[in-house]
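In the numbering used here, the protein residues as written are 74 to 228.
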């Protein structure tokens, strides 16, 4: 085979390899972005006890693959402290993989399922006041037929 033909074949081979490498990178990033988005979409944005007055936290769940995140509301009567909820929920999510969590605040929730009412208020001594407006919007999606209100007053 003449040198010019051999050089042409090598050049074409390198071009194909570069194209394959670029395609692989594109598919790889696309797959991980989709996996991150799907993983975040699988996390329920609100989970609270069915009745009572209890502490709640607003948690920001970050994807480890990209810059995406979702805010979630968790509130339970078993928690003595806001940190109890955060530690349990963040631990479970982080052990499942692919995410990091941060607590962006807390407060209290009064949930009356018989009256279909939820009131979000107060603050966390350890995490500060959650953005109750964000928390309320998450709860409205989970409880569309409820009257849901919020206030910054109270503890």
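Note that CB positions come from ideal geometry on N, CA and C, so glycine has one too.
Check: Validate contact between the region 152 to 172 and the region 210 to 220 using beta carbons, cut 8 angstroms, 3 pairs; Outcome: no
Check: Cβ-Cβ separation, residue 186 to residue 225 (assumed contact under 8 angstroms), whole Å; Outcome: No, residue 225 and residue 186 are not in contact; Cβ-Cβ is about 24 angstroms, not under 8 angstroms.
Check: Cβ neighbour criterion (16 or more within 10 Å) applied to residue 168; Outcome: exposed
Check: Strand pairing of residue 136, partner residues [DSSP]; Outcome: 172
Check: In DSSP terms, what residue 197 is bridged to; Outcome: 201
Check: Same chain, Cβ closer than 6 angstroms to residue 122, five either side skipped, listed in chain order; Outcome: 149, 150
Check: Exposure of residue 189, with buried meaning 16 or more beta-carbon neighbours within 10 Å; Outcome: exposed
Check: Simplified DSSP assignment, three categories, for residue 180; Outcome: strand
Check: Cβ shell of residue 152 (< 6 angstroms), same chain only, five flanking positions each side left out; Outcome: 128, 158
Check: 6 angstroms CB neighbourhood of residue 213 in its chain, flanking five on each side removed; Outcome: 221
Check: Residue closest to residue 208, alpha-carbon to alpha-carbon, out of 200, 182, 198; Outcome: 182
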